[in-house]
Structures are given as structure tokens and as C-alpha cells.
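J.: Heads up, the sequence shown is in this note's numbering, so the first residue is 1 and it goes up one at a time.
I have a structure here, written as C-alpha cells, and I will follow up with some questions on it.
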Amino acid sequence: MFVRKEKEKPVKNDVKILGVVVTGTAENLKILKEQNYIKSATLGVVANKY
């Protein structure tokens, strides 16, 4: 059962999106530039320690 227990599944108003993580190459991510649904963005990098 859904977390609120009185429902089988959530409805639109039950869902809150706080943020997302998008991964890809710089080339792949270029398509997101200037999109009106992007409110803010941070570009970072992930590297192996060794």
C-alpha cells in the first residue's frame, strides 16, 4: 500500500520534486542549456580516488 495507507497509489498532489541528478557528457548535457524548466544547475565531476 501507498505510504499514506488509505490510498493504493499516490496522486499528483502527493508528489513533490525537490531536485534531480542528471549525468552525462558535456556534449549530452548541452541540450538542457536554456530550457525553461531548468531553474538552477551545478556542473561537477566525479573521479576515482586512485
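All C-beta atoms in this analysis are idealised placements derived from N, C-alpha and C, irrespective of residue type, glycine included.
Predicted model, so just to flag it, every value in this text is computed and none were measured.
1) Pull up the CB-CB distance for V22 and L29, whole angstroms please, since I reckon it's below 8 Å.
2) Starting from the Cα of K43, find the closest Cα among K5, E27 and D14 and give me that residue.
3) Do you know whose CA, among L32, K5 and T25, lies nearest V45's CA?
4) Between the Cα of S40 and the Cα atoms of N48, Y50, L18 and A47, which residue gives the shortest distance?
T.: The answer reads as follows:
1) Position 22 of the sequence shown, counting from 1, holds the residue named residue 22. Position 29 of the sequence shown, counting from 1, holds the residue named residue 29. Indeed they touch by this definition, with Cβ atoms about 7 Å apart.
2) As a first step, residue 43 is located in the sequence shown; it is residue number 43 there, counting from the start. First, the amino acid is wrong: residue 43 is Leu here, not Lys. Answer by Cα proximity: E27.
3) For the purposes of this step, residue 45 is taken as residue 45 along the sequence shown, with counting starting at 1. Answer by Cα proximity: T25.
4) Taking the sequence shown and counting its residues from 1, the one referred to as residue 40 is at position 40. That would be L18, whose Cα lies nearest to the Cα of S40.
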